[in-house]
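Protein sequences, first through last, are from chains P and F.
Straight run, no breaks: the first sequence in the numbering used here ends on number 1446.
Straight run, no breaks: the second sequence in the numbering used here ends on number 1446.
Where a beta carbon is used, it is the ideal one built from N, C-alpha and C, also for glycine.
Worksheet: one structure, shown below.
Protein chains: 2
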Amino acid sequence: MLPDASCSAGPLTGGMGAAEATELARVLKALADPARLRLLSLIADSPTAAACACDLTEPLGLSQPTVSHHLKVLVDAGFLDRDKRGVWAWYSLVPGALQRAVAGVPGVAELSPA
Amino acid sequence: MLPDASCSAGPLTGGMGAAEATELARVLKALADPARLRLLSLIADSPTAAACACDLTEPLGLSQPTVSHHLKVLVDAGFLDRDKRGVWAWYSLVPGALQRAVAGVPGVAELSPA
DNA sequence: CCTCTGCATCGACAGACGTCGATGCTCGTC
DNA sequence: GACGAGCATCGACGTCTGTCGATGCAGAGG
Chain P
1333 MLPDASCSAG PLTGGMGAAE ATELARVLKA LADPARLRLL SLIADSPTAA ACACDLTEPL
1393 GLSQPTVSHH LKVLVDAGFL DRDKRGVWAW YSLVPGALQR AVAGVPGVAE LSPA
Chain F
1333 MLPDASCSAG PLTGGMGAAE ATELARVLKA LADPARLRLL SLIADSPTAA ACACDLTEPL
1393 GLSQPTVSHH LKVLVDAGFL DRDKRGVWAW YSLVPGALQR AVAGVPGVAE LSPA
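Here it is as structure tokens:
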């Protein structure tokens, strides 16, 4: 017979709740895509931290509807801000949004300096 | 006719490369799941930063094969370390792995203190 | 007023992902 | 050696996701 104490460890009641995990996963899913990471990188590297949609299509090698879709995902996730100037759409980083999302990962916020 | 200078902005040649973005997306995809986030949270909250697989099945409300699958994904992504002690499998956090993954996100590493 | 341009939306399709039950393997116990 | 328990793997299924071409919409120019 195996020992009664299954693993000599408690039932592990801690950890984040299901709702919290689902919400964080929803935000991280928006980041977990090569095209979207490159979009964020392009905009972040821009001098003004903002870029026109027409300049974002070619560097990715994707079709215009696909890029528009990815940009919408990033806007919905709260990472980008959309500003329609005339015919053109300008996207800019939402300050602190990336840091806030990343700080919710277990074992990251605890070790980050204030 | 619209102005020749499309958006008054350059072609945006910067940004991360395709290979780099794909690799980072692969790692982030391993994090972008509620079950895996809760697993990491459970293990991180454990006193020894390690937990037996048998203690991880019930808190998630998922079947044993599903939990085993998620643990394998986290191990393959480099976030967890597997240590088989007799019949039981103990999983522990790989120190710094989460921080390293998260530091690769555009606009995060640049603002983090050294 | 008509046309052209930039961008978003729609519909469709292939591929990846999460989940499960069933099965197999490796230990410890009797 | 036979049994039982913990865990990984397999096969299958439904769903979500990334991608595209086609279309629709709003604004600028002639």
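Using a beta-carbon distance cut-off of less than 9 Å, what residues from the segment 1359-1378 of chain F approach chain P? VAL1359, LEU1360, LYS1361, ALA1362, LEU1363, ALA1364, ASP1365, PRO1366, ALA1367, ARG1368, LEU1369, ARG1370, LEU1371, LEU1372, SER1373, LEU1374, ILE1375, ALA1376, ASP1377, SER1378
Rounded to the nearest angstrom, what separates PRO1379(F) and LEU1425(F) at their Cα positions? 12 Å
What does DSSP give as the partner residue(s) for ARG1384(F) in the beta ladder? The question names Arg, but residue 1384(F) in the sequence shown is Cys. The partner list for CYS1384(F) (beta bridge, DSSP) reads TRP1422(F).
For LEU1369(F) and GLY1436(F), which I take to be in contact (beta-carbon distance under 8 Å), what is that distance rounded to the nearest angstrom? That belief does not hold up - the Cβ atoms of LEU1369(F) and GLY1436(F) are roughly 18 Å apart, past 8 Å.
Looking at the unbroken beta strand (DSSP E) that takes in ASP1365(F), where does it start and where does it end? Segment: none, ASP1365(F) is in no beta strand (DSSP E) and carries neither H nor E.
For VAL1399(F), count the other beta carbons within 10 Å of its own beta carbon; 16 or more makes it buried, fewer makes it exposed. Which is it? buried
Given this structure, state the Cα-to-Cα distance separating ALA1409(P) from GLY1393(F), to the nearest angstrom. 27 Å
Nearest-angstrom Cα separation, counted from VAL1434(P) out to ALA1421(P): 27 Å
If you follow the alpha helix (DSSP H) that LEU1412(P) is in, where does it begin and where does it stop? From DSSP, LEU1412(P) is part of no alpha helix (DSSP H) but of the beta strand (DSSP E) over 1412-1417.
Could you compute how far the alpha carbon of PRO1391(F) sits from the alpha carbon of VAL1407(F)? 20 Å
Using a Cβ-Cβ cut-off of 7 Å, state whether PRO1438(P) counts as contacting chain F. yes
What separation, rounded to the nearest whole angstrom, lies between the Cα atoms of ARG1417(F) and CYS1386(F)? 12 Å
Residues of chain P with a CB under 8 Å from the CB of ALA1409(F): which are they? Within 8 Å Cβ-Cβ: nothing; ALA1409(F) doesn't reach chain P, min ~11 Å.
Using only alpha-carbon positions, find the residue among PRO1427(F), GLY1349(F), CYS1339(F) that is nearest to PRO1438(P). PRO1427(F)
Count the other CB atoms within 10 Å of the CB of SER1373(F); is the residue buried (16 or more) or exposed (fewer)? buried
Bounding residues of the alpha helix (DSSP H) (the contiguous stretch that carries ALA1429(F)): 1429-1435
Taking 6 Å as the cut-off, is the CB of SER1373(P) close to at least one heavy atom of the ligand GDP? Inclusion of the ligand GDP in the displayed structure is not the case, the ligand content being empty and no account of it being possible.
From LEU1334(F) to GLN1396(P), what distance separates their C-alpha atoms? Reliability fails at LEU1334(F), whose pLDDT of 42 lies under 50, so the model's placement of it is uncertain and the value that follows must be treated cautiously. Roughly 19 Å between the two C-alpha positions.
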